Amino acid sequence: MQKLVIEGGIPLQGEIRISGAKNAALPILCATLLSRETLHVENVPHLKDVTTMLSLLAQMGVGITLDASQCVELSGREIPNPVAPYELVKTMRASILVLGPLLARTGRASVSLPGGCAIGLRPVDLHIKGLQAMGAEIEVANGYIQASASKLHGARICMDLVSVTGTENLMMAATLARGVTVIENAAREPEVVDLANCLISMGAKISGAGSDTIEIEGVDELHGARHRVMPDRIESGTFLVAAAASLGKIKLHGARSDILDAVLDKLSESGAHISTGEESIFLEMRDRPKSVNVRTAPYPAFPTDMQAQFMVLNSVAEGSALITETIFENRFMHVQELCRMGAHIEVEGNAAMVRGKERLGGATVMATDLRASASLVIAGLVARGETTIERIYHIDRGYECIEEKLAQLGAKIRRMA
Ligand code: UD1
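662 is the number that the numbering used here gives to position 287 of the sequence shown; each next residue is one higher, with no gaps.
Written out as structure tokens, the structure reads:
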């Protein structure tokens with residue numbers, strides 16, 4: 376199993392390019408299931424989760440061509456096998472995103488219950504309830520969601536909780552349903568908007584994406600389109616925190632600051648100097664960071680996918696801070712690994728009190744989920760001595776070329792078998 380070895384203590388300095396967003400690319404790739412025509416998707420990040428999604432679509436019958444410039448051409452003329460098997464979906468919860476499109480297009484779907492990061496129960500009841508409201512018959516048996524519908528119809532769906540993939544699944548299904556669907560308490564995440572824009576360019580009639588009420592008027596069919604995936608705001612935020620924690624100075628190219636307000640505000644509060652351009656973000660941290668309280672919540676509030684990284688920033692900051700996780704019930708697994716590197720963190724329920732200290736120390740640690748592994752990389756970058764991160768496959772699910780990009784910023788990092 377591969378490991379990352381990091382020699383810490385070097386401030387990150389330099390410039391890198393931000394990749395396409397994993398969480399936008401995954402639903403957008405699934406949108407191909409809604410049309411017989413070809414979908415060209417540009418700026419697709421080269422990640423394990425993307426490869427898994429492409430394999431999943433390919434075994435359903437979608438023709439896929441990749442080119443060297445991160446462009447994927449998908450053609451779902453027929454979908455002979457509307458099945459998402461356990462072997463493919465067990466590592467990736469986002470595979471549930473095929474359910475809505477399959478059902479809308481072919482009238483049937485058999486989708487294994489997803490796995491993915493072990494950060495909580497993460498049920499899919501909202502996806503199922505929403506599709507049932509649109510006329511689907513669904514039962515769960517032997518670990519599979521078996522769904523069928525002769526033709527989905529529009530419905531008014533009020534989501535009990537804000538769910539990103541839940542909103543995306545229902546929005547995709549509704550594009551081909553008969554009549555109008557209204558999704559209330561919808562997720563407002565920028566990735567939902569990116570998917571909606573892709574669907575609109577395929578001929579879907581959607582309004583309100585980005586607000587908490589999305590209205591979709593079903594059409595008979597969608598056509599082919601070309602769409603460029605938005606930049607990854609979590610990758611951007613992760614590199615900015617790494618620069619801030621290491622007292623560095625970096626510039627991100629191809630990044631969007633308008634969708635990172637909550638994160639940039641917290642970085643400024645911790646003492647970072649930030650300036651933003653049309654497609655760039657510059658950050659410099661001149662002095663030891665100050666502690667900042669963080670409370671995760673749905674967009675536009677502070678993202679849960681940045682919580683672990685801020686835990687590290689606070690671990691080396693001046694003062695104490697409280698980190699409250701309100702989205703997932705088991706998302707503090709990085710805490711015990713950070714404590715092994717000398718961090719002072721106490722967890723009670725869904726809150727962690729972090730007392731900052733001058734320096735962490737290198738250690739051998741274990742990555743437990745995607746964003747937790749990003750936090751361990753940042754910890755390794757700021758720690759004195761050598762840090763070895765095991766089970767690094769988690770990070771390859773969501774960060775494109777992480778060690779190349781960090782090396783470009785001056786980090787001493789290498790991958791070992
Ligand atoms: C997406 C993101 C993930 C991010 C998360 C929250 C993708 C591929 N993944 O995950 O990176 O951390 O949003 O911003 O976009 N819930 C239910 N029932 C459901 C669905 C969700 O109870 O049917 C709960 C979940 O357990 C969780 C909360 O709702 O507590 C939010 O989850 P959700 O927004 O659905 O997360 P994902 O879409 O899986």
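Note that beta-carbon positions come from the ideal geometry of N, C-alpha and C, so glycine has one too.
Please read these numbers as outputs of a predicted model, since none were measured by experiment.
Check: Cβ-Cβ distance between Ile-767 and Leu-379 below 9 Å; Outcome: yes
Check: 8 Å contact criterion, which Ala-459 and Ser-470 should meet: CB distance rounded; Outcome: 5 Å
Check: Straight-line Cα distance separating Gly-383 from Asp-680; Outcome: 23 Å
Check: Rounded distance between the beta-carbons of Glu-559 and Met-534, thought under 8 Å; Outcome: 7 Å
Check: 9 Å Cβ cutoff met for Ala-479 and Leu-551; Outcome: yes
Check: Leu-431 CB to nearest heavy atom of the ligand UD1 below 8 Å; Outcome: no
Check: DSSP state of Cys-573 mapped onto helix, strand, coil; Outcome: helix
Check: When Val-740, Ala-726, Tyr-674 and Gln-783 are compared against Cys-714, the one with the closest alpha-carbon; Outcome: Val-740
Check: Thr-763 CB to nearest heavy atom of the ligand UD1 below 8 Å; Outcome: no
Check: Asn-725 CB to nearest heavy atom of the ligand UD1 below 8 Å; Outcome: no
Check: Per-residue DSSP class, three states only, for Met-660; Outcome: coil
Check: Nearest candidate by alpha-carbon position, reference Gly-629, set Leu-414, Ala-637 and Phe-657; Outcome: Phe-657
Check: Limits of the beta strand (DSSP E) - the one that Met-852 falls within; Outcome: The structure shown has nothing for residue 852, since the chain only spans 376 to 792.
Check: Ile-381, DSSP secondary structure in three states; Outcome: strand
Check: Proximal residues to Ser-655 (C-beta, below 7 Å), its chain only, five neighbours per side dropped; Outcome: Lys-626, Leu-627, His-628 and Ala-630
Check: Residue span of the alpha helix (DSSP H) that contains His-709, given as start and end; Outcome: 708 to 715
Check: Range covered by the alpha helix (DSSP H) that runs through Gly-844; Outcome: The requested residue 844 is not part of the displayed model; the chain covers only 376 to 792.
Check: Secondary structure of Gly-755, DSSP reduced to three states; Outcome: helix
Check: Reduced DSSP secondary structure (H/G/I, E/B, other) of Leu-784; Outcome: coil
Check: Check: Leu-401 C-beta below 8 Å from any heavy atom of the ligand UD1; Outcome: yes
Check: Spatial distance of Ile-393 from Ser-632 (CA atoms); Outcome: 12 Å
Check: Val-568 Cβ short of 8 Å to the ligand UD1 heavy atom set; Outcome: no
Check: Cβ-based neighbour list, Leu-745, same chain, cut-off 6 Å, excluding 5 preceding and 5 following; Outcome: Cys-492, His-769, Arg-772 and Gly-773
Check: Contact the segment 598 to 609 vs the segment 407 to 421: 3+ CB pairs below 8 Å; Outcome: yes
Check: Three CB pairs or more closer than 8 Å across the segment 521 to 538 and the segment 496 to 512; Outcome: yes
Check: C-alpha distance - Val-687 paired with Val-425, whole-angstrom precision; Outcome: 28 Å
Check: Nearest-angstrom beta carbon gap, Ser-523 and Arg-483 [assumed within contact, 8 Å]; Outcome: 5 Å
Check: Inside the segment 583 to 639 only - beta strand (DSSP E) runs reaching at least 3 residues; Outcome: 588 to 592, 600 to 603 and 624 to 628
Check: Rounded C-alpha distance that separates Met-428 from Thr-542; Outcome: 19 Å
Check: Those residues which DSSP pairs with Phe-703 across a bridge; Outcome: BP columns for Phe-703 are empty, so no partner.
Check: is_contact[Leu-551, chain D] using C-beta, thresh 9 Å; Outcome: Protein chains in the displayed structure number just one, and chain D is not present.
Check: Inter-residue Cα distance where the pair is Ala-579 and Leu-570; Outcome: 11 Å
Check: Counterpart residues of Val-447 in DSSP-defined beta bridges; Outcome: Val-416 and Leu-441
Check: Phe-703 beta carbon near the ligand UD1 (any heavy atom closer than 8 Å); Outcome: yes
Check: Pro-476 versus Gly-717, Leu-536, Ala-406 and Asn-517, residue with shortest Cα-Cα distance; Outcome: Ala-406
Check: CA-to-CA distance, Asn-544 to Glu-412, given in whole angstroms; Outcome: 20 Å
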